[in-house]
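Each remark here refers to the structure printed beneath this line.
Number of protein chains: 2
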Amino acid sequence: MEKIVEQGLLYDFYGELLTEHQKSIYEAAVYEDMSLTEIADEHGISKQGVHDLIKRCTKTLQSYEDKLHMIRRFEAIKFSAEELLKVSNSADMSGDELRKITGEISSRIIEELT
Amino acid sequence: MEKIVEQGLLYDFYGELLTEHQKSIYEAAVYEDMSLTEIADEHGISKQGVHDLIKRCTKTLQSYEDKLHMIRRFEAIKFSAEELLKVSNSADMSGDELRKITGEISSRIIEELT
Numbered sequence: 020m021e022k023i024v025e026q027g028l029l030y031d032f033y034g035e036l037l038t039e040h041q042k043s044i045y046e047a048a049v050y051e052d053m054s055l056t057e058i059a060d061e062h063g064i065s066k067q068g069v070h071d072l073i074k075r076c077t078k079t080l081q082s083y084e085d086k087l088h089m090i091r092r093f094e095a096i097k098f099s100a101e102e103l104l105k106v107s108n109s110a111d112m113s114g115d116e117l118r119k120i121t122g123e124i125s126s127r128i129i130e131e132l133t
Numbered sequence: 020m021e022k023i024v025e026q027g028l029l030y031d032f033y034g035e036l037l038t039e040h041q042k043s044i045y046e047a048a049v050y051e052d053m054s055l056t057e058i059a060d061e062h063g064i065s066k067q068g069v070h071d072l073i074k075r076c077t078k079t080l081q082s083y084e085d086k087l088h089m090i091r092r093f094e095a096i097k098f099s100a101e102e103l104l105k106v107s108n109s110a111d112m113s114g115d116e117l118r119k120i121t122g123e124i125s126s127r128i129i130e131e132l133t
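As they're listed, the protein sequences go chains A and B. If you count by our numbering, then the first sequence holds residues 20 to 133, one letter each, in order. If you count by our numbering, then the second sequence holds residues 20 to 133, one letter each, in order.
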């Protein structure tokens with residue numbers, strides 16, 4: 020299950036760099052949860068061919084992440100933004116404290132973006 | 020000048036997808052501000068060759084942005100984070116107002132990340 024999520028995340032970020040053919044097979048496997056046999060039948064290729072293509076695409080998508088680190092960077096920013104949202108919802112914090120923490124976290128987000 | 024900034028930004032985001040050869044020439048032109056003649060001499064290729072390589076690389080980098088939109092997404096998040104930083108520095112805002120705006124902007128950032 021975790022592997023599927025990971026593949027979905029890789030595809031969300033870098034899927035546009037695959038060919039149309041790769042995309043349609045990868046989507047069928049990862050998003051539509053079709054079996055290898057179903058995909059093979061639909062695309063007129065062997066089950067082994069589908070398996071190899073998905074494996075190769077995951078490797079390609081992972082290599083983009085290894086070079087560009089966009090998922091890692093987005094996750095760091097998301098962590099900070101969620102912290103900020105939590106802080107803004109905590110009623111037992113003074114305006115001055117909130118001001119200080121908001122300043123710190125927004126500065127950190129800006130840093131993470133550069 | 021604006022074109023140089025743009026090339027630098029493209030390179031910051033997607034430069035790792037170029038080959039080592041492309042990277043060294045692109046960096047010399049965009050970051051070290053070397054002339055085409057200097058780069059040509061250093062790499063033992065023609066001035067026209069350097070010119071063409073830089074043009075081709077910019078096109079390649081731009082095509083990554085056209086597909087992935089990472090620069091556009093990062094800039095939207097940066098805009099929100101800077102807004103938040105400004106808000107946290109404005110002394111004439113009540114704790115409740117700050118809480119509300121912080122909640123809104125951090126939610127927007129989380130949305131921009133997904």
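For each residue, glycine too, the CB sits at the ideal point set by N, CA and C.
| query | result |
| --- | --- |
| Supposed close pair GLY122(B), LEU104(A) - CB separation, criterion 8 angstroms | 6 angstroms |
| Integer Cβ distance of ALA100(A) from ILE129(B), believed to fall under 8 angstroms | 5 angstroms |
| Alpha-carbon spacing of GLU84(B) relative to LYS66(B), whole angstroms | 27 angstroms |
| Residue ranges of each alpha helix (DSSP H) within the region 33 to 84 of chain B, 4 or longer | 39 to 49, 55 to 62 |
| Any C-beta of chain A under 7 angstroms from that of ARG75(B) | no |
| Residue-level contact to chain B via CB, GLU57(A), 7 angstroms cutoff | no |
| LEU37(B) versus ASP52(A) - alpha carbon distance | 34 angstroms |
| Test: LEU117(B) CB closer than 7 angstroms to a CB of chain A | yes |
| Chain B within 7 angstroms of THR121(A), Cβ atoms only | yes |
| Boundaries (first-last residue) of the alpha helix (DSSP H) holding THR121(B) | 114 to 131 |
| Boundaries (first-last residue) of the alpha helix (DSSP H) holding ALA100(B) | 89 to 108 |
| Where ASP111(A) falls: helix, strand or coil (DSSP) | coil |
| Interface partners of LEU80(B) on chain A, CB under 9 angstroms | Residues of chain A passing the Cβ test: none, with the nearest at roughly 12 angstroms. |
| Short CB-CB distance (under 7 angstroms) between TYR30(A) and chain B | no |
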